[in-house]
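J.: Starting off with a structure, shown below.
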Amino acid sequence: MTPELMEQGSERLQHFSGGRAAGYGRVLEPGALDLAHGRILYLEDVNRSFDGFKAINGLSLDIAPGELRCIIGPNGAGKTTMMDIITGKTRPDAGQVFFGSTINLLRHSEAEIAQLGIGRKFQKPTVFEPLSVFENLELALQGSRSVPSALWHKLSGAQRTRLAEVLELIRLQDEWQRPAGLLSHGQKQWLEIGMLLVQDPKLLLLDEPVAGMTDQETERTAELFLSLKGRHSLMVVEHDMSFIARIAETVTVLCDGAVLAQGTLDQVQADERVIEVYLGR
Ligand SMILES: Nc1ncnc2c1ncn2[C@@H]1O[C@H](COP(=O)(O)OP(=O)(O)OP(=O)(O)O)[C@@H](O)[C@H]1O
1 MTPELMEQGS ERLQHFSGGR AAGYGRVLEP GALDLAHGRI LYLEDVNRSF DGFKAINGLS
61 LDIAPGELRC IIGPNGAGKT TMMDIITGKT RPDAGQVFFG STINLLRHSE AEIAQLGIGR
121 KFQKPTVFEP LSVFENLELA LQGSRSVPSA LWHKLSGAQR TRLAEVLELI RLQDEWQRPA
181 GLLSHGQKQW LEIGMLLVQD PKLLLLDEPV AGMTDQETER TAELFLSLKG RHSLMVVEHD
241 MSFIARIAET VTVLCDGAVL AQGTLDQVQA DERVIEVYLG R
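Quick note on full-length UniProt numbering: the sequence shown kicks off at 1 and runs consecutively.
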């Protein structure tokens, strides 16, 4: 990394973390995330082909700690493939993918990447429908796949506090005893986000989180995401432009597997190339 990039990163870190300056000389705990360069996620010149078709084609992108980044782009632009690469589900043919400045994600398995603090929410909610809201959160907290063992496990005071905090954040505190199967579509989506939040991920990847939601649920989701940024970094892929307008700071437009444009929503909406390929005339 060049001195200019380090300086730029330090400024971004201060911006997104409310004034905390980067310290180049400090000692990191083993396994801790190094954010001194102001980047929690860093992709450089990433490529991935499927049967000769370049789904990701020279993709470079970075996200600052605490940032809420919106990703838009036409169908087939490579948004899902990019998330698959970040989370270790798909391996790139070439390029670099770093979490902080020292963790090379390409050396880690999908399970390890989740453990490192990258949580992903797929479009379709996958909550355990017969279990209550609370039990779903409890399961996620234990990180257990075995329902009986997780439910018999006694929660610590700190764990109970975290569950209560998350229930309030996702606005399901009055529904905690309800079977998840009886929740509305929007509430199921929030529960699934809550199941990620109990593990306190550093980076959250959210794929079309408001698809199928009512206007009121969409607004509540915008409030939720705005309240999460700062403590977490978020990467949100969405086609709903009014939702993007509600939450956006920086918007990245992907097309043909690479970044076509990046800037404020106004900037990208005024970009002729973006209008051509995505927003329409
Ligand atoms: N496993 C795969 N095998 C073959 N082609 C694939 C595979 N995964 C993705 N592709 C192709 O790569 C391109 C990018 O797909 P991707 O799903 O990443 O786009 P996207 O931007 O997420 O689109 P959408 O907005 O429709 O979800 C598409 O042309 C898709 O058909």
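In this text, a Cβ means the ideal position worked out from N, Cα and C, and glycines have one as well.
1) Does ligand 1 have a heavy atom nearer than 8 angstroms to the CB of GLY212?
2) Smallest Cα separation from LEU139: which of ARG160, GLN123, ASN104 and LYS124?
3) Can you grab the Cα-Cα spacing for the pair LEU163 / PRO201, in whole Å?
4) Any chance the CB of VAL237 is under 8 angstroms from a heavy atom of ligand 1?
5) Can the beta-carbon of ALA77 be found less than 9 angstroms from the beta-carbon of ASP271?
6) Do LEU234 and LEU197 count as a contact pair if the criterion is CB distance below 9 angstroms?
7) In three-state DSSP terms, what is residue 282?
8) Taking 8 angstroms as the cut-off, is the beta-carbon of GLY58 closer than that to any non-hydrogen atom of ligand 1?
9) Name the residue from ARG39, MET241, ALA94 and LEU182 whose alpha carbon lies nearest to the alpha carbon of ILE103.
10) Using the Cα positions of ALA222 and VAL268, report the straight-line distance between them to the nearest angstrom.
11) PHE50: beta carbon under 8 angstroms from a heavy atom of ligand 1?
12) Report the option in LEU226, ASP174, THR87 and SER109 whose CA atom is closest to the CA atom of ALA245.
13) Considering only their Cβ atoms, is the gap separating LYS121 from GLN189 smaller than 9 angstroms?
14) Compare the C-alpha of GLN96 against each of TYR278, ASP34 and LEU106 and name the closest.
15) When we look at the beta-carbon of PRO130 and count the other beta-carbons within 10 Å, is it buried (16 or more) or exposed?
16) Taking only three categories from DSSP, how would you classify ALA94?
17) At the level of alpha carbons, what is the spacing between ILE63 and TYR42?
18) Within 10 angstroms of the Cβ of LYS89, are there 16 or more other Cβ atoms? Answer buried if so, exposed if not.
19) Are CYS70 and VAL259 touching if we call contact CB-CB under 9 angstroms?
20) Taking the straight line between their C-alpha atoms, what separation do you get for LEU182 and GLU165?
T.: To lay it out plainly:
1) For ligand 1, not one heavy atom lies less than 8 angstroms from the Cβ of GLY212.
2) ARG160
3) 14 angstroms
4) Remark: the C-beta of VAL237 is in contact range of ligand 1, defined as less than 8 angstroms to any heavy atom.
5) Judged by beta-carbon spacing, ASP271 lies beyond the 9 angstroms limit of ALA77, meaning their Cβ atoms are not closer than that value.
6) no
7) In the structure displayed, the chain extends from 1 to 281; residue 282 sits before or after that span and is not available.
8) no
9) ARG39
10) Going from the Cα of ALA222 to the Cα of VAL268 covers about 20 angstroms.
11) yes
12) LEU226
13) yes
14) LEU106
15) Classification for PRO130: exposed.
16) strand
17) Computed Cα separation, rounded: 7 angstroms.
18) exposed
19) no
20) 22 angstroms
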